[in-house]
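Have a look at the structure below before the remarks.
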Amino acid sequence: MEKILMGAIVSFSTFTLISYLLIVLNIPILIVPIFFLATLAIAKPLNKTVRQIKIRSSFQTILVLIVFTLGIAGQMAVISPSGVFKNGDLLFWSAHGHDGTWHIALMEEIKRGLTAQAGFLQNPIFAGERLTNYHFFSDILPAVVGKYLPISDLNLYFRIFPFFYSLFLGAAAYFLTKKLTNSFSASIWATIFTYFAGSFGFVIGKGESIFWATQPQSASGNPPQIVSDFLILAIIYFLILLQQPKNKVKGQVIFAICAVLIGTLVAFKVYAAIVVFGGLIITGIWQVVKDKKFQLLTLAGLSGILAAVLYLPNTSGGASFLIFQPWWYIRTMIVEPSRLNLLDWELRRQTYIYEHNWKRVIWLEGMGFLIFFFGNLGMRFLGL
């Protein structure tokens, strides 16, 4: 099951990349035959893997099934009720009336492909305007499925793909922890905290995102986020595999998988890609110093080329697309009326800065960081 689910995540990223390239080349008609050829190519090894699966009726198996079933059901309960017709009205709950309709409109634009004369994806809101500075990769696969299969965009966005996103998130958390610890207990607890743990917002009677971070329970309503969540976990999983002894061919395959996952991440969620590339480069430098090997730096370079190919053509070139503003989340968490709304805290900070009372400034900033960090972690702080 581990090979199937982690392989499915790789297939998700790879097929999204291929679909995008075919759309850019204005030959999306090749998506279907390529899909069938790929299916035929993996049918035999997939069948072999499935036949090797032996599900034992044990406490561990039952516990895993219960956790995944309840976890997926909980995430689905947040998004699935939206996008349904009742008494002639189309119903949306919470932010899905805005975010959901945006993604569905974007799916329709992707179905149409590139604007014939201009050669770009059109912004769903502004007719004739190019879609730039947005991570739309999470909408490509639902659009492709909706184009070639008789399934509505509403069902794809609100019900079908959220199920797979939730499954992939739980599977990535479970198998990564298993790879790191080789412990069933650690793996199941990691999955439980992934599915069920939220922020400490309830302690002060506020919502889950009072400390800014959207929690996993509602992440399905933000496809770029939940996709980047399980992709990051999958990237770490395959990077661990890459460092383990293996034959040359298998090593090259895993290297290619890592390059695709890391390179495409920028088009799913650019901020997630920045974190991954930063960590990969630092780790690569450490590998050079410690082991005199350039494997990770080479991986960072090749992935960076793929990321640039996907990123640069879809930006407006504006200097404000990526903003380096450290502490922005902590500062706004403190003062925003929709967050903690602690204006007195901010006034004290400004007063201490004016008085050059740096000891008090550092204390306030440190407390703000701890509130942000542990507030978002919630009960997951036990994992520290």
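According to the UniProt record's numbering, the sequence shown holds residues 1 to 384 in order. Yeah, the Cβ is synthetic: ideal placement off N, Cα and C, and Gly gets one too.
Tell me, please, whether the CB atom of residue i is closer than 7 Å to any CB atom in chain C?
{"i": "F372", "result": "The structure shown has no chain C; it contains just one protein chain."}
According to DSSP, what are the bridge partners of residue i?
{"i": "Q122", "result": "R130"}
Quick one: give me the first and last residue of the alpha helix (DSSP H) that residue i is part of.
{"i": "Q287", "result": "270-291"}
{"i": "G383", "result": "Here G383 belongs to no alpha helix (DSSP H), and DSSP marks it neither H nor E."}
{"i": "I236", "result": "223-243"}
{"i": "I353", "result": "343-354"}
{"i": "E208", "result": "That residue, E208, is in no alpha helix (DSSP H); it is neither H nor E in DSSP."}
{"i": "L340", "result": "L340 -> no alpha helix (DSSP H), and no H or E assigned at all."}
{"i": "K246", "result": "It is not in any alpha helix (DSSP H) - K246 carries neither H nor E in the DSSP assignment."}
{"i": "V203", "result": "That residue, V203, is in no alpha helix (DSSP H); it is neither H nor E in DSSP."}
{"i": "N376", "result": "358-377"}
{"i": "L302", "result": "295-311"}
List the whole-angstrom C-beta distance separating residue i from residue j, where the pair is believed to meet the contact cut-off of C-beta under 8 Å.
{"i": "Q225", "j": "K269", "result": "7 Å"}
{"i": "M6", "j": "A234", "result": "6 Å"}
{"i": "G368", "j": "I323", "result": "About 20 Å; that fails the 8 Å criterion."}
{"i": "Y134", "j": "L176", "result": "With 8 Å as the limit, Y134 and L176 do not qualify as a contact, their Cβ atoms being about 29 Å apart."}
{"i": "L265", "j": "A273", "result": "4 Å"}
{"i": "L306", "j": "L280", "result": "Actually they are not in contact, since the Cβ atoms of L306 and L280 sit about 13 Å apart, beyond 8 Å."}
{"i": "G170", "j": "F68", "result": "5 Å"}
{"i": "P28", "j": "G113", "result": "6 Å"}
{"i": "S13", "j": "I72", "result": "Their Cβ separation, rounded to whole angstroms, is 20 Å, which puts S13 and I72 out of contact at 8 Å."}
{"i": "T49", "j": "I4", "result": "6 Å"}
{"i": "A105", "j": "P124", "result": "4 Å"}
{"i": "L302", "j": "V288", "result": "Actually they are not in contact, since the Cβ atoms of L302 and V288 sit about 16 Å apart, beyond 8 Å."}
{"i": "I42", "j": "V144", "result": "With 8 Å as the limit, I42 and V144 do not qualify as a contact, their Cβ atoms being about 18 Å apart."}
So, residue i versus residue j, is the Cβ gap smaller than 7 Å?
{"i": "G378", "j": "S199", "result": "yes"}
{"i": "F158", "j": "I79", "result": "yes"}
{"i": "I254", "j": "L242", "result": "yes"}
{"i": "V276", "j": "I262", "result": "yes"}
{"i": "I210", "j": "G201", "result": "yes"}
{"i": "F161", "j": "P142", "result": "yes"}
{"i": "A190", "j": "N376", "result": "no"}
{"i": "T16", "j": "I140", "result": "yes"}
{"i": "T132", "j": "T315", "result": "yes"}
{"i": "G221", "j": "D344", "result": "no"}
{"i": "residue 392", "j": "S187", "result": "Outside the displayed range of the chain (1 to 384) lies residue 392, so it cannot be described from this structure."}
{"i": "L154", "j": "G74", "result": "no"}
{"i": "V361", "j": "Y352", "result": "yes"}
{"i": "F374", "j": "F381", "result": "yes"}
{"i": "I334", "j": "L347", "result": "no"}
{"i": "E108", "j": "Q122", "result": "no"}
{"i": "F230", "j": "A267", "result": "no"}
{"i": "M1", "j": "I53", "result": "yes"}
{"i": "K179", "j": "I240", "result": "yes"}
{"i": "L364", "j": "R349", "result": "yes"}
{"i": "Q325", "j": "F184", "result": "no"}
{"i": "K206", "j": "K147", "result": "no"}
Can we count residue i as close to the ligand SAH, meaning its CB is less than 6 Å from some heavy atom?
{"i": "A8", "result": "What this structure holds is no ligand at all, so the ligand SAH is not there to describe."}
Q: May I have a chain-ordered list of the beta strand (DSSP E) segments no shorter than 3 residues that lie completely inside the stretch 25-107?
A: 84-86, 89-91
Q) In chain order, which alpha helix (DSSP H) runs of at least 4 residues are fully inside the stretch 132-187? A) 140-148, 161-181
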